[in-house]
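Comments concern the structure below.
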Amino acid sequence: MTEKPKRTPAGAPVGRRAMLGMLGAGAAGLAAAPYLQHGWEGFLGAASQVDATGITGLLPNPGGFRYYSVVGSVPRKDETNYQLRVGGLVDRPRTYTLPELRAMPQTRVVGDVVCTDGWRVDKTPFEGVKLADLLDAAGVRSEGAAVRFRCFDGAYTESLTLEQARRSDVLVALNMQDKPIIHEHGGPVRLYVAPMYFYKSAKWLSGLSVTDKVVPGYWEERGYAVDGWLDDADRHSDAA
433 MTEKPKRTPA
443 GAPVGRRAML
453 GMLGAGAAGL
463 AAAPYLQHGW
473 EGFLGAASQV
483 DATGITGLLP
493 NPGGFRYYSV
503 VGSVPRKDET
513 NYQLRVGGLV
523 DRPRTYTLPE
533 LRAMPQTRVV
543 GDVVCTDGWR
553 VDKTPFEGVK
563 LADLLDAAGV
573 RSEGAAVRFR
583 CFDGAYTESL
593 TLEQARRSDV
603 LVALNMQDKP
613 IIHEHGGPVR
623 LYVAPMYFYK
633 SAKWLSGLSV
643 TDKVVPGYWE
653 ERGYAVDGWL
663 DDADRHSDAA
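Per this note's numbering, the sequence shown starts with residue 433, numbered consecutively.
In structure tokens form, the structure reads like this:
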């Protein structure tokens, strides 16, 4: 014979009361989730700054992103001390502050962030200044063929051909996921190259130089493809 559930003084079955308790705990967990995620992201970001092994880059993150730096510590920059230097084979070299970049026309691009390590974050919005606009303002000389990027971590570099750099889906990005890019995500300014693997989107961007040829970047010197196209990318120069 099946035993009937014992009743509490209020008359509700114990099983139902437990279920309601679990649902309540679940609701509280959902309400707290953004705060817990923010705390975990902060921990990962801080830990990654002192992790020379790269192990923190393998830890799961509810937001989908991983934190990785090629150096042990990266200085923090903000509107008081950030600068982006544009130079090389250009007629009008210039240094931009963060407020000056924010005052320029902004373009929004939504793309899939894909890492060679296997993780991805689909439909991620980025917003910033088209790299093509900065190049036009600088006046690229006729011998210019590529762009080399430098980062204020003091180690990372990247490169694009001039044709790739002029695409409308390549940004000097100031916002990610509709918020200013935080330090742990490569802020306050990073490169975003929508049609390529994420290693091409250099974090902590501090400068770009027009060169007469492609200069392999940090990971290209370690065996990565110079043209890091995603498999389904539209490689035409006018693609957006």
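Every residue gets a Cβ at the ideal spot worked out from N, C-alpha and C, and that includes glycine. Since this is a predicted model, take the numbers as computed values, not measurements.
Check	Outcome
For G560 and P537, the rounded distance between their alpha carbons	8 Å
Length of the line joining the Cα atoms of T527 and Q609	26 Å
Sequence-distant residues of the same chain with beta carbon closer than 8 Å to R573, five excluded per side	L521, V522, D523 and V642
Contact check, V646 vs T593, beta carbons under 8 Å	yes
First and last residue of the uninterrupted alpha helix (DSSP H) at R582	Premise fails: R582 lies in the beta strand (DSSP E), A578 to C583, not in any alpha helix (DSSP H).
Rounded separation between Y511 and A569 - CA only	First, the amino acid is wrong: residue 511 is Glu here, not Tyr. So the alpha carbons of these two residues sit roughly 22 Å apart.
Every unbroken beta strand (DSSP E) within the region 609 to 644, with a cutoff of 3 residues, ordered by chain	622 to 625 and 637 to 643
Contacts around D554, its chain only, beta-carbon distance under 6 Å, and the 5 residues preceding and following it disregarded	D544
Outcome for E575 when other beta-carbon atoms lying within 10 angstroms are tallied against a minimum of 16	exposed
L662 - DSSP class collapsed to helix/strand/coil	coil
Complete alpha helix (DSSP H) runs within the region 512 to 591 (minimum length 4 residues, chain order)	530 to 535 and 563 to 570
Cutoff 8 Å: A597 Cβ touching any chain C Cβ	Given the protein chain composition of this structure (a single chain), no chain C is represented.
Under the three-state DSSP convention, the category A657 falls into	coil
Closest Cα partner of L606 within the set P557, V503, R667 and V546	P557
Cα-Cα separation between S591 and V625, rounded to whole angstroms	11 Å
Range of the contiguous alpha helix (DSSP H) that encloses E595	L594 to A597
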